[in-house]
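Participant: What follows is a structure written as structure tokens; I'll ask about it next.
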Amino acid sequence: MADLSTNYVGLQLHNPIIVASCSLVNTVEGVQQCADAGAGAVVLKSLFEEQLEADTKALQQNVWLAGHAEAFDYVRNMGIELGSQDYLKLVEGAKKKLSIPVIASLNCITPTWWTDYAKRIEHAGADALELNIAVLPSNTNRTSNEIEHLYCDILEAVKQSVKIPIAVKIGPYFTSIARMAHELCNRGASALVLFNRFYQLDINIETLALVPGYRLSSREEMSLSLRWISLLAGRVKCDLAATTGVHDGIGVIKQLLAGATAVQVCSTLYLNGVKYIETILTQLGEWMDQHTFGSINQIKGKLSQVESDRPEFYERLQYIKALVGIE
Ligand SMILES: Cc1cc2nc3c(=O)[nH]c(=O)nc-3n(C[C@H](O)[C@H](O)[C@H](O)COP(=O)(O)O)c2cc1C
3 MADLSTNYVG LQLHNPIIVA SCSLVNTVEG VQQCADAGAG AVVLKSLFEE
53 QLEADTKALQ QNVWLAGHAE AFDYVRNMGI ELGSQDYLKL VEGAKKKLSI
103 PVIASLNCIT PTWWTDYAKR IEHAGADALE LNIAVLPSNT NRTSNEIEHL
153 YCDILEAVKQ SVKIPIAVKI GPYFTSIARM AHELCNRGAS ALVLFNRFYQ
203 LDINIETLAL VPGYRLSSRE EMSLSLRWIS LLAGRVKCDL AATTGVHDGI
253 GVIKQLLAGA TAVQVCSTLY LNGVKYIETI LTQLGEWMDQ HTFGSINQIK
303 GKLSQVESDR PEFYERLQYI KALVGIE
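For what it's worth, the working numbering labels the leading residue of the sequence shown as 3, then goes sequentially.
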């Protein structure tokens, strides 16, 4: 039987399947179910920056703060304290019950709120932190340079306050993803989680209202992270975890071959139930046995660009034949 263990952000995982941050893992019971089904690790549901900010604002309305910087700091800390309580309990509870690594998740859009709070999460026992940095570049005055610096500033602010490893989950919308990935790893990210799938926006044409789009991914969406993991593996100094569109063992195998160290799953667990992790692991193990791979390291990055004798193939963007009208 193949050895499925892998080392992700310095943590020993008994297999590469990580339950991605989502509502399935926002209670200790939910996390326990994932562990029972065989998950190698879990990323808890994110605590959102807006949650901390909202707590603080509610407090500020009751306290006269004008001109009192110290009072503002006091209230802000209280807000962080209050907002964090439930989350800290979740981290502590999950750690107490489970033997698999528990990764806490913070959804950040500025560096302002997180330094104290990240420390508390570390003290609560989280094995690692995942920063889900999601800045929508909708401001016409904000340059791409400013936005990219913001990602690095958030990472550095948190990095300075904790010792546990930090993974950074990003979306694909950068002009130079390779450069951004390189920069985040240089500034201390232990892993990049590629790619976040953002909240989808839709419009109801009868009610003329904005409505949420479909929440779950399709397996076709995996090709974006597959491309970038295969291009970045071996080129950046940190681990790569795949997320978005991995729905089964086949998807996991492809991402490992491309160069992922671990693979996060979410939508497939909503569609098939948390126990589907067992099926994914069986598919992975059987495939490894059939192909006589004894360990994850033997597969990892086998089909990455750096390992390829046809590197140009990975960078093809256009359908050449279709373009010249031959097809
Ligand atoms: C209901 C739901 C809640 C989610 N909540 C979070 C969250 O709090 N933080 C986060 O980083 N990602 C969150 N995600 C995104 C997932 O972690 C994952 O990156 C995304 O669903 C793509 O992976 P998938 O194709 O396996 O679903 C959520 C996804 C779903 C469906």
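Beta carbons are placed, not taken as given, at the ideal position from N, Cα and C, and that holds for glycine.
When you compare only the Cα positions, how much space is there between A264 and T8?
Facilitator: A264 and T8: Cα-Cα distance of roughly 7 Å.
Participant: Measure the C-alpha to C-alpha separation of T281 and G287 and round it to an integer number of angstroms.
Facilitator: Whole-angstrom Cα-Cα distance: 10 Å.
Participant: Tell me D241's beta-bridge partners as DSSP assigns them.
Facilitator: A193, per the DSSP bridge assignment.
Participant: How is the alpha helix (DSSP H) around A159 delimited, first residue to last?
Facilitator: Segment 146-163, the alpha helix (DSSP H) holding A159.
Participant: Since A169 contacts V195 with CB under 8 Å, what's their CB separation in whole angstroms?
Facilitator: Between V195 and A169 the Cβ distance is about 5 Å, and since that is below 8 Å, they are a contact.
Participant: Could you tell me how far apart the beta carbons of G251 and Q285 are, in whole angstroms, since I believe they sit closer than 8 Å?
Facilitator: Right, their Cβ atoms sit about 2 Å apart.
Participant: Going by beta-carbon coordinates alone, are I279 and C24 separated by less than 8 Å?
Facilitator: Not in contact: I279 and C24 (Cβ atoms no closer than 8 Å).
Participant: List the residues that DSSP assigns as beta-bridge partners of P214.
Facilitator: Per DSSP, L203.
Participant: Specify the secondary structure class of I111 as computed by DSSP and reduced to three states.
Facilitator: It is coil, neither helix nor strand.
Participant: With T246 as the anchor, note down where its beta strand (DSSP E) starts and where it stops.
Facilitator: No beta strand (DSSP E) holds T246; DSSP gives it neither H nor E.
Participant: Please name the residue in T29, L273, M182, A4 whose C-alpha comes closest to that of G173.
Facilitator: Selected option, being the one with the closest Cα: M182.
Participant: Identify which residue in A235, C240, C268, V104 has its Cα closest to the Cα of E309.
Facilitator: With distances taken between Cα atoms, E309 lies closest to A235.
Participant: Is L218 near ligand 1 - that is, is its Cβ less than 7 Å away from at least one heavy atom of it?
Facilitator: Yes; taking the cut-off as 7 Å, the Cβ of L218 has a heavy atom of ligand 1 nearer than that.
Participant: Report all residues from its chain with a CB closer than 6 Å to the CB of A68; omit the five preceding and five following residues, and keep chain order.
Facilitator: At A68 the pLDDT is 49, less than 50, meaning the model places this residue with poor confidence; the figure from the coordinates comes in the next sentence. If we look at A68 and ignore the five residues flanking it on each side, it has no Cβ neighbours.
Participant: What are the partner residues of S297, as DSSP defines its beta bridges?
Facilitator: Looking at the DSSP assignment, S297 forms a beta bridge with D5.
Participant: Using the rule of at least 16 other Cβ atoms within 10 Å of the residue's Cβ for burial, across every protein chain shown, is A180 buried or exposed?
Facilitator: Its Cβ having fewer than 16 others within 10 Å, A180 is exposed.
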